[in-house]
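Per this note's numbering, the sequence shown starts with residue 160, numbered consecutively. Quick reminder that beta carbons are idealized off the backbone N, C-alpha and C, glycines included.
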Amino acid sequence: MNARSRLQTRRPRAVTGALVLLALLLGACTTLPIRGQVVMRDVSFPLRDFRMPSGLRVVVEEDRRSPVVAVVAVVGVGGSSDPSGKEGLAHVVEHLTFRSRHAGGPSIQSRLEAAGVGHSNASTSLDYTAYEALAAREALPALLKMHGQWLASPVAGITPEVFAVEREVVRNELRQRNETGYVGQVFSWMNAASFPADHPYARPLIGTHSTLTALTLADAQRFARAHYRPDNVTLVISGDVDLAAVEPLLRESLPAAWVGSGAPLAVEPRLPVKVAEPPLTPAPKSLPEYAAAVPSPELYLSWVLPRGFDEQGAVQEFVRASLDRNLWDAVRNDGDIVGISTGLVPGTRASLLVVRVQLSRGDHPQRSAEKVLDQVHQAWSGVGQEVQAAEAAQVLGKEADFQAARRNVVTGMVLESENLLSRTLRRALLTHFTLDVRSYTRSQMALMALGGSQVTDFAYTWLQRDRARIMLVRPGESGTAVAEAGATQLPAQPEPTAPVERATPSMVTALSAPVHMLKLDNGMEVLLAPRPGLPVVRVGAAMGGGSAYGAKPGVAELAGAGSFRESWFEGRPSDWGLWDSSSLQRDHVRVELSGTAGNVGNMLAMLAEQLSSVRTSEDVVRFLREQVLPWHAAVDGRPEVQAHRALLGALYGTHPYAHEATGAEMAQVSWSDAQDWIEDVYRPGNTVVVIAGEFDVKEVEALARKYLGGWSRGTPQPVDLAAAPALPAASARPNVLLTPRPGATQGQVHMACRLPAATPEAEARYSMMAELMEVQAWHDMRSQRGASYGFQSSTWLGRGGAAHLMVEGMVDARRMSEGVGSVRQALAAFAKTVSARDLEQARSRLLARQAVSFISTSAWVDALLDTRVRGFTPDALAQRPAHLQAVTSEALQREFAGCLERLVVAVTADEGQGKAALQALSQP
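Listed below in structure tokens is the structure:
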């Protein structure tokens, strides 16, 4: 039987992967597009669709923008399939998959790293488990082979001891979600309040301590056999793939049983043909209240909606995105609301729309909830409080609002299409549940075709007040101490490891694309980074200063929170569907705009107007004092916030980088102080702008000179931020800090040290240090002991040459001494020697991660802005692969030795356990 008969393939004609709004190329624009025009060219991604005889579905999408591939596998099983009393099982199996071993070899996790995979992760939702990976194109054969093995045998080689350790990892994940501001327990309460008790969605997705404790390896093996079947899996491959050569690669890489033979298996529909009415629980008689690890009271409002994953789900996405904009009016109408965000959880039986409302004091939660419900109603009613006397104006105004919202949503889809992994994941989910490879494009077209009446009808049907379920969460500890037997730990012998892969050409050349530098007459620096492939452009501006700069403590934070753009002559972002954001960093302020390529001129005109007209006012500052700063005061009291501030103080002493303003300090800042700070920071001579995306360099250079070059204010020099302080004196004993968190079932560990002045070459060494420390701490405390959900390690580099290394993680409170000791021992070991194997593995991982990180315009904007803020030349980014390859074991050993002599250890934990953990460190 030939291969063609065994693998039924379909090759659709060019399938649209992004959106077609106007067939107008940027090069054809002589003037800026008028309001309401979102301009981009057509984009198509060729596909091949394989329906295996086994029932496995494989979709391959060709996207040659970068030498990178994304692989996403969707298994049609999630938390709703957990057996009763064994909630969390699907999530545990997801964890075990990365620890599985096949034919006695290394674990899947080790093989992924050795193959040069730059990113890998997995997630468990209500109805599916998704596995994702990003790698340089050379890794695709190995990546497909691994996927075939772990999907066919997800718990192969898992021993009872490994199972026990990984189950503890999940239990630590549960503790971490509940105790550190993530408030994972809240979502379990919300599901239980939204769905009937006997509904699969009403149960906790990650499980509880009791249900996790009840799980066994045999449970995981039975679960995997029942659900990890080829007819229950969809595999999508996107990126730099040769469609003509992919079929033999699939045959060679996937297990024969997962390919199958004969006619393709007919897969049963995964979405019922008859759509069931979403269930709804009876409304409680009073507002339910809970306690969790939140800094101030929070309201949660939820609505049960029809199922997702089909074309009708487009209206749900639209409503969620639109509410993000419309609900902020509730902040002005209720003096206790300080923040609002929305989320959407799709399911095959129903979906859940969630609105999270942060309160300052929680004095009148029911009234605050009513204010939010008022805004939900007004968003779609067409009857606003200000325009009741002019019905025609109401209709026109609402239609204008709807069109603006649609432009933003459509542009968001275009921007998502640029993200290779996000696009691949969405295509995999939609293809899996609809069984139609065209569903991704159809969902985009459905969003584009939405009319105001469709959205209004949907809102009137599903977003009524009586369908909302509301609960209040007040500050309190939600950790649950659980008595357990002895601690788990695997034997000390290391597992087999895969051979280290050397850097591939794709890894080394990831940052070699050209960057053009302009110096405008007003002192502004502009970097142009043309990146053809998708018709999107992102523009970012960085102004030196940030929260560490200012005559008074808190002036930067107050100015950042209270600043607004005074002039709108060039229009608003929604006029062209542009996305905008701003943030206050420790050493700079950042402003970004993103949208379709044909609107790059609009972006530059709007950016220039925004930067030149930003200001604050007495009214805004008064609003912040009355409504927002009380919330800041509550945040200031959180143990983890206090611990972080103490750590910065120990690292930087009296330098501005040592201080983060409190709400009380911000309250002492006047509006004139804030205005003076804005005028000092927002100057062209203090600004760097990066433009990245698909554009003609000469044309955009002319636009940049026209719009950005016309701004003038202040001196041409950047603000003067104090140089980094001298390194602390060497000490054989670490500087230890303890912040009590009474009754905590997890402790937070931070180990940090100042590093010598940062240069591009030093940055490569520092990144290597962070990589070595993270892998070692992760391996010891998570993989071997199961005492932590994981450790992270990073380096921070700032203006003036400041730099520090940070290693942090959450540890089971009963094992705090192990956690602190493990990280300290790893530092000491690397200070003595860094083996050639450890060095090459770390170098390979960093190069692999770098190769897959620079495939979006946002990554280029962020990296180039960071480079210039640090004072490095623009070509330092292109030189980074060479700097990484030049790092030696001896150089790393010296850096680690210096770090050990300047070590700061901060622990946030129950006082008794924290003191015991730190006591051992008092000895040299």
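For Asn108, the first and last residue of its enclosing beta strand (DSSP E): It is not possible to answer for residue 108, since the shown part of the chain is limited to 160 through 1083.
Just how far apart, CA to CA, sit Ala295 and Gly277? Within the sequence shown, residue 295 is the residue found at index 136, counting from 1. Within the sequence shown, residue 277 is the residue found at index 118, counting from 1. Computed Cα separation, rounded: 8 Å.
Which of helix, strand or coil DSSP assigns to Ser726: Taking the sequence shown and counting its residues from 1, the one referred to as residue 726 is at position 567. In this structure, DSSP gives Ser726 a state outside helix and strand, which the three-state scheme calls coil.
May I ask you to report which of helix, strand or coil DSSP gives Val234? Here residue 234 refers to the residue found at position 75 when the sequence shown is read from its first residue. Three-state result, Val234: strand.
Taking a contact to mean a Cβ-Cβ separation below 7 Å, would you say Ile496 touches Leu486 in this structure? Mapped onto the sequence shown, residue 496 falls at position 337. Mapped onto the sequence shown, residue 486 falls at position 327. Not a contact, by the Cβ cut-off of 7 Å.
Quickly, what does DSSP pair Cys1058 with across the bridge? List them, please. Along the sequence shown, one-based indexing puts residue 1058 at 899. As DSSP reads the structure, Cys1058 sits in no beta bridge.
Measure the C-alpha to C-alpha separation of Gln380 and Val314 and round it to an integer number of angstroms. Numbered from 1 along the sequence shown, position 221 holds the residue referred to as residue 380. Numbered from 1 along the sequence shown, position 155 holds the residue referred to as residue 314. Just so you know, the alpha carbons of Gln380 and Val314 end up roughly 7 Å apart.
Helix or strand or just coil, what does DSSP make of Glu853? Working through the sequence shown from its first residue, we reach residue 853 at position 694. When DSSP states are grouped into helix, strand and coil, Glu853 belongs to the coil group.
Within 10 Å of its beta-carbon, does Gln1078 have 16 or more other beta-carbons around it, so buried, or fewer, so exposed? Looking up residue 1078 in the sequence shown gives position 919. The residue is exposed, with fewer than 16 neighbouring Cβ atoms inside 10 Å.
By alpha-carbon positions, which one of Gln613, Pro815 and Ser771 ends up nearest to Gly713? By 1-based counting over the sequence shown, the position of residue 713 is 554. With distances taken between Cα atoms, Gly713 lies closest to Pro815.
Taking the straight line between their C-alpha atoms, what separation do you get for Val1063 and Ala805? Counted from its first residue, the sequence shown places residue 1063 at position 904. Counted from its first residue, the sequence shown places residue 805 at position 646. So the two alpha carbons sit approximately 10 Å from each other.
Contact defined as beta carbons within less than 8 Å: I believe Pro694 pairs with Arg200. What is the distance between those atoms, to the nearest angstrom? Along the sequence shown, read from residue 1 onward, the residue named residue 694 stands at position 535. Along the sequence shown, read from residue 1 onward, the residue named residue 200 stands at position 41. Taking a contact as a CB-CB distance under 8 Å, the pair Pro694 and Arg200 counts as one, their CB atoms being some 5 Å apart.
Tell me which residues share the same chain as Gly316 and place their Cβ nearer than 7 Å to its Cβ, disregarding the 5 neighbours each side in the sequence. To locate residue 316, count along the sequence shown from 1; it is residue 157. By the criterion of a C-beta distance shorter than 7 Å, Gly316 is surrounded in its chain by Ser259, Arg260 and His261, once the five residues flanking it on both sides are discounted.
Work out the CA separation of Met211 and Trp621 for me, nearest whole Å. The sequence position of residue 621 within the sequence shown is 462, counting from 1. The sequence position of residue 211 within the sequence shown is 52, counting from 1. Using only the alpha carbons, I get a separation of about 39 Å.
Answer with buried or exposed for Val432, where buried requires no fewer than 16 other C-beta atoms within 10 angstroms of its C-beta. Here residue 432 refers to the residue found at position 273 when the sequence shown is read from its first residue. By the neighbour-count rule (16 or more Cβ atoms within 10 Å), Val432 is not buried but exposed.
Local conformation of Leu886 per DSSP, three classes: As a working note, residue 886 is residue 727 in the sequence shown. Shown here, Leu886 sits in coil according to DSSP, grouped into three states, outside any helix or strand.
For Ser353, name the three-state secondary structure that DSSP assigns. Along the sequence shown, one-based indexing puts residue 353 at 194. Reduced to three states, the DSSP call for Ser353 is helix.
If you reduce the DSSP assignment to three classes, tell me which class Ala1068 lands in. Residue mapping note: residue 1068 aligns to position 909 of the sequence shown, counting from 1. It is a strand residue.
Contact under 7 Å by Cβ, Ser412 with Leu303: In the sequence shown, counting from the first residue as 1, residue 412 sits at position 253. In the sequence shown, counting from the first residue as 1, residue 303 sits at position 144. One thing to note: Ser412 has its Cβ within 7 Å of the Cβ of Leu303.
According to DSSP, is Ser1017 part of a helix, a strand, or is it coil? For the purposes of this step, residue 1017 is identified with residue 858 of the sequence shown, where counting begins at 1. DSSP, reduced to helix, strand and coil, places Ser1017 within a helical segment of the structure shown.
If you count every other CB in all the chains shown that lies within 10 Å of the CB of Asn280, and 16 or more means buried, which is it? One-based indexing of the sequence shown puts residue 280 at position 121. Under this definition Asn280 is an exposed residue.
Which of helix, strand or coil DSSP assigns to Gly757: In the sequence shown, counting from the first residue as 1, residue 757 sits at position 598. Correct three-state label for Gly757: helix.
Just verifying my parser: in three-state terms, what is the DSSP assignment at Tyr708? Position 549 of the sequence shown, counting from 1, holds the residue named residue 708. Reduced to three states, the DSSP call for Tyr708 is coil.
Can you check the region 905-941 for any beta strand (DSSP E) of at least 3 residues that lies completely inside it and give the ranges in chain order? Counting whole runs of 3 or more residues, the region 905-941 contains the beta strand (DSSP E) stretches 905-913.
Can you name the start and end residues of the beta strand (DSSP E) that Ser742 belongs to? By 1-based counting over the sequence shown, the position of residue 742 is 583. Counted as a single uninterrupted DSSP element, the beta strand (DSSP E) harbouring Ser742 occupies residues Trp738 to Leu743.
Using three-state DSSP, classify Ile317 as helix, strand or coil. Numbered from its first residue, the sequence shown carries residue 317 at position 158. Look at Ile317 here: in three-state DSSP terms it is coil, with no helix or strand label.
Contact between the region 585-601 and the region 233-245 (3+ Cβ pairs under 8 Å): A contact exists between the region 585-601 and the region 233-245.
Alpha-carbon to alpha-carbon, Arg270 and Asn845: Here residue 845 is taken as the residue at index 686 of the sequence shown, counted from 1. Here residue 270 is taken as the residue at index 111 of the sequence shown, counted from 1. Annotation: Asn845 to Arg270 spans about 46 Å, alpha carbon to alpha carbon.
Once you ignore the five residues that flank Arg842 on each side, which residues in its own chain have a CB closer than 6 Å to its CB? On the sequence shown, position 683 is the one that residue 842 refers to. Excluding sequence neighbours, Arg842 sits near Arg872 and Gly873.
Pull the bridge partners of Gln951 from the DSSP assignment, please. Here residue 951 refers to the residue found at position 792 of the sequence shown. Answer is Glu967.
Under 8 Å Cβ to Cβ from Glu819, same chain only, skipping five residues before and after it: list those, please. Here the question's residue 819 lines up with position 660 in the sequence shown. The answer, listed in chain order, is Ser706, His803, Arg804 and Leu807.
Cutting at 6 Å between CB atoms, please list the residues of its own chain near Met965, excluding the five before and the five after it. On the sequence shown, residue 965 is found 806 positions in, with the first residue counted as 1. Excluding sequence neighbours, Met965 sits near Ala911 and Ser953.
For the region 773-786 against the region 922-933, do three or more pairs of beta-carbon atoms, one drawn from each stretch, fall closer than 8 Å, so that the two count as touching? With fewer than three CB-CB distances shorter than 8 Å, the region 773-786 does not count as touching the region 922-933.
Output the boundary residues of the beta strand (DSSP E) element that contains Leu215. As a working mapping, residue 215 is identified with position 56 in the sequence shown. Premise fails: Leu215 is in no beta strand (DSSP E) and is neither H nor E.
Who does Asn894 pair with in a DSSP beta bridge? Looking up residue 894 in the sequence shown gives position 735. Partner(s): Val1063.
Secondary structure of Ile193, DSSP reduced to three states: On the sequence shown, position 34 is the one that residue 193 refers to. Residue state, collapsed to three classes: coil.
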